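Data first, discussion second: the structure below is written as structure tokens.
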Amino acid sequence: MLFDENNLEITAKTLAGLEDVLSAEIERLGGRDISLHSRAVTFFGDTALLYKANLHVRTALKFLIALKKFQVRNDKQFYEQCLDIEWESFITPNMTIAVDSTVNSPHFNHANYVALKLKDAVVDRLRDYYGGRPDVDVNNPDIRLNVYISGEDCVISLDSSGNSLHKRGYRVSQTDAPLNEVLAAGLILLSGWNAETDLYDPMCGSGTIVTEAYMFAAGIPPGNFRKFSFMNWKNYNEALWTRIKNESKAFIIEPQVKISCADISSKAISVTFRNLEEIGIEKKIDVRRRDFIKAKPEMENTTLIMNPPYGERMDDEDVEAFHKQIGDKLKQDYKGNVAWVLSGNMAALKMFGLRHAKQFILMNATIECRFRKFELYEGSRKSKYNSDPD
Ligand SMILES: C[S@@+](CC[C@H](N)C(=O)[O-])C[C@H]1O[C@@H](n2cnc3c(N)ncnc32)[C@H](O)[C@@H]1O
């Protein structure tokens, strides 16, 4: 078995386009031998690093620990390899389990069937060892296992996080189409905002961007308000976890910059307020009902990060006309600031009439998006940036 508490092989799963920022976060925490993959970063570290990663990393969805890697061509081989893992080191019969599976192999047609085989092997081994078996609970299991098969290569892992890490615990209310919290944190890190200048989201919806921005600026760990699956493992080191959690409190500070947001919808304003209230930061962020197209707030040297509506309930013409209005507004009233815009509608983005200085390609659920930076220069420089050729 690969599981060595001092040298765990850890895979962090993430959203497409966030691999670089995730890798940088892991490096800052002390991850070793980091390598990047599509929607994942693998690295090595000890149990303390695993606990810290779950608590502190903003752009990971999960941290999986490799237990066993092998070559496999059929069900029987798969079952036997799985039976050979010392499940009794992590799981007792009174726990509940669930198995997630990703399979891309000519030898196995159904991911669910593979998950079922792994579950059978775990149950059979524990029944032999303890005389009792764990039950399955797909929604809220104590222990989550993961199987990944690509061709003949198979990896069996323990999921140390449990519920996806985007579930921070503050979203108690939501508007339509809120951003995934991990994506919102990714936008903040990709923008390079360093919490030394003000930040404004003029179309805040459920308030995800400002909540993530405040937690980042204040040094509040994204995992501060939730639990993790590793806490259910038989070998859980509670003293180590308590020390890591307590140490993190020393780094929480009062941000010295203004973080604010607005939305045209009164529902969005109350949803945002409710979410901020959940983690006690409702007085730290200025939230206003405001039409971006009509309002003229005074701000300079501010980073705007926004995610305008791009088509859910508007037809294409309306979306494009609205984006033209956003572009005009940015040019007229936001000189001296920087705007980052996430949009999945390329035609609409072109209507901005602004040349972007930088862009990242990201996935927002199933929609491929551009996250573009617009530098809104004062005075004569703006004329260099008045068209977007692509
Ligand atoms: C895609 S949602 C933003 C989701 C948000 N980023 C979140 O994570 O919840 C777009 C938001 O823009 C708001 N909106 C649309 N037109 C607006 C306008 N003219 N001024 C301000 N907000 C507007 C909508 O009410 C909606 O909440």
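The sequence shown lines up with residues 17 to 406 when you count with my numbering. All C-beta atoms, glycine included, are put in the ideal place defined by N, C-alpha and C. This one's a predicted model, so the numbers in the text were calculated from it and none came from an experiment.
Out of 74, 34 and 73, which has the shortest C-alpha to C-alpha gap to residue 55?
If you number the sequence shown from 1, residue 55 lands on position 39. Considering only alpha carbons, the answer is 34.
Can you look up residue 402 in the DSSP assignment and give me helix, strand or coil?
Position 386 of the sequence shown holds residue 402. Annotation note: pLDDT 47 at residue 402 (below 50); position unreliable, coordinate value reported separately. Of the three classes helix, strand and coil, the one that applies to residue 402 here is coil, per DSSP.
Can you give me the C-alpha to C-alpha distance between residue 382 and residue 146, rounded to a whole angstrom?
Numbered from 1 along the sequence shown, position 366 holds the residue referred to as residue 382. Numbered from 1 along the sequence shown, position 130 holds the residue referred to as residue 146. One C-alpha to the other measures close to 44 Å.
For a test of the three-state rule: what should DSSP assign to residue 396, helix, strand or coil?
For this step, residue 396 is matched to residue 380 along the sequence shown. Unreliable placement is indicated for residue 396, whose pLDDT of 44 sits below 50; the coordinate value is still reported in the next sentence. Note: residue 396 maps to helix in three-state DSSP.
Assuming residue 242 is part of the beta strand (DSSP E), what are its boundary residues?
Residue 242 sits at position 226 when you count from the first residue of the sequence shown. It is not in any beta strand (DSSP E) - residue 242 carries neither H nor E in the DSSP assignment.
Once you ignore the five residues that flank residue 345 on each side, which residues in its own chain have a CB closer than 7 Å to its CB?
For the purposes of this step, residue 345 is taken as residue 329 along the sequence shown, with counting starting at 1. The answer, listed in chain order, is 308 and 309.
Residue 150 and residue 122 - do their beta-carbons sit closer together than 8 Å?
In the sequence shown, counting from the first residue as 1, residue 122 sits at position 106. In the sequence shown, counting from the first residue as 1, residue 150 sits at position 134. Cβ atoms of residue 122 and residue 150: not closer than 8 Å.
Under three-state DSSP, which class holds residue 186?
As a position in the sequence shown, residue 186 is number 170, starting the count at 1. Coil at residue 186, not helix or strand.
Classify residue 267 as buried or exposed, calling it buried when 16 or more other Cβ atoms lie within 10 Å of its own Cβ.
Within the sequence shown, numbered from 1, the residue matching residue 267 stands at position 251. Looking at its Cβ environment, which holds fewer than 16 other Cβ atoms inside 10 Å, residue 267 is exposed.
What distance in whole Å lies between the Cβ atoms of residue 221 and residue 279, which are believed to be in contact at a cut-off of 8 Å?
Here residue 279 is taken as the residue at index 263 of the sequence shown, counted from 1. Here residue 221 is taken as the residue at index 205 of the sequence shown, counted from 1. Going by Cβ atoms, the distance from residue 279 to residue 221 rounds to 6 Å, so yes, they are a contact pair.
Distance, residue 261 Cα to residue 238 Cα:
Taking the first residue of the sequence shown as 1, we reach residue 238 at position 222. Taking the first residue of the sequence shown as 1, we reach residue 261 at position 245. Each residue's alpha carbon lies about 12 Å from the other.
Does at least one heavy atom of ligand 1 sit under 7 Å from the Cβ of residue 221?
Along the sequence shown, one-based indexing puts residue 221 at 205. Checking the Cβ of residue 221 against ligand 1 gives yes.
Neighbourhood of residue 415 by C-beta distance below 7 Å, restricted to the same chain and skipping five residues each side
Residue 415 is absent from the structure shown; the chain starts at 17 and stops at 406.
Give a single yes or no on whether residue 275 has its beta carbon closer than 7 Å to a heavy atom of ligand 1.
By one-based count along the sequence shown, residue 275 stands at place 259. No, Cβ of residue 275 sits at least 7 Å from all heavy atoms of ligand 1.
Pull up the distance between the alpha-carbon of residue 197 and that of residue 184, whole angstroms please.
On the sequence shown, residue 197 is found 181 positions in, with the first residue counted as 1. On the sequence shown, residue 184 is found 168 positions in, with the first residue counted as 1. Taking the straight line from one Cα to the other gives about 8 Å.
Endpoints, the beta strand (DSSP E) within which residue 278 is located
Counted from its first residue, the sequence shown places residue 278 at position 262. Element bounds for residue 278: 275-279.
Taking only the alpha-carbon atoms, compute the straight-line gap between residue 405 and residue 371 and give it to the nearest angstrom.
By one-based count along the sequence shown, residue 405 stands at place 389. By one-based count along the sequence shown, residue 371 stands at place 355. The predicted position of residue 405 is uncertain, since its pLDDT is 44 and thus under 50; a value taken from the coordinates is nonetheless stated next. Residue 405 and residue 371: Cα-Cα distance of roughly 7 Å.
Count the other C-beta atoms from every protein chain shown that fall within 10 angstroms of the C-beta of residue 135, then say buried if there are 16 or more, exposed otherwise.
On the sequence shown, residue 135 is found 119 positions in, with the first residue counted as 1. Residue 135 is buried by the Cβ-count criterion.
Residues that DSSP places opposite residue 231 in a beta bridge:
Against the sequence shown, residue 231 aligns to sequence position 215. According to DSSP, which records beta bridges pairwise, residue 231 is partnered with nothing at all.
At a cut-off of 7 Å, would you count residue 319 as near ligand 1, judging by its Cβ distance to the nearest heavy atom?
Locating residue 319 in the sequence shown gives position 303, counting from the first residue. Result no, Cβ not under 7 Å from ligand 1.
So residue 30 and residue 76 are supposed to be a Cβ contact under 8 Å. How far apart are they, rounded?
Looking up residue 30 in the sequence shown gives position 14. Looking up residue 76 in the sequence shown gives position 60. The beta carbons of residue 30 and residue 76 sit about 6 Å from each other, so the pair counts as a contact at 8 Å.
Tell me, which residues are paired with residue 423 by DSSP?
Because residue 423 is not part of the residues shown, which for the chain are 17 to 406, the question remains open.
With respect to 7 Å, is the separation between the Cβ of residue 81 and the closest non-hydrogen atom of ligand 1 below this value?
The residue labelled residue 81 in the question sits at position 65 within the sequence shown. Residue 81 Cβ: outside cutoff for every heavy atom of ligand 1.
With contact counted as at least three CB pairs below 8 Å, one residue from each stretch, are the segment 67-84 and the segment 238-253 in contact?
Counting Cβ pairs under 8 Å, three or more are found: they touch.
For residue 266: DSSP bridge partner residues:
On the sequence shown, residue 266 is found 250 positions in, with the first residue counted as 1. DSSP lists no partner for residue 266.
Sort 46, 27, 63 and 45 by Cα distance to residue 4 and report the nearest one.
Here the chain comprises residues numbered 17 to 406, so residue 4 is not present and cannot be evaluated.
Enumerated in chain order, which unbroken segments of the alpha helix (DSSP H) with a length of 4 residues or greater are wholly contained in the segment 292-353?
Counting only runs of 4 or more, we get 332-349.
For residue 106, which three-state DSSP category applies?
Reading the sequence shown from its first residue, position 90 is the one you call residue 106. Three-state DSSP puts residue 106 in coil, outside helix and strand.
May I have the straight-line CA-CA distance separating residue 248 from residue 332, to the nearest angstrom?
Position 232 of the sequence shown, counted from the first residue, corresponds to residue 248. Position 316 of the sequence shown, counted from the first residue, corresponds to residue 332. Their backbone Cα atoms lie some 49 Å apart in a straight line.
Taking buried to mean at least 16 other C-beta atoms within 10 Å of its own C-beta, is residue 172 buried or exposed?
As a working note, residue 172 is residue 156 in the sequence shown. Buried, because 16 or more other Cβ atoms sit within 10 Å of the Cβ of residue 172.
Going by C-alpha distance, which of 81, 385 and 241 is nearest residue 186?
The count along the sequence shown starts at 1 and reaches residue 186 at position 170. Taking only the C-alpha atoms, the option nearest residue 186 is 241.
Considering only the beta carbon of each residue, do residue 74 and residue 233 sit closer than 8 Å?
Counted from its first residue, the sequence shown places residue 74 at position 58. Counted from its first residue, the sequence shown places residue 233 at position 217. Not closer than 8 Å, so no.
From the DSSP output, read off the bridge partner residues of residue 163.
The sequence position of residue 163 within the sequence shown is 147, counting from 1. Note: residue 163 sits in a beta bridge opposite 117 and 172.
Status (buried if at least 16 other CB within 10 Å, exposed otherwise) for residue 276
Working through the sequence shown from its first residue, we reach residue 276 at position 260. Result: buried.
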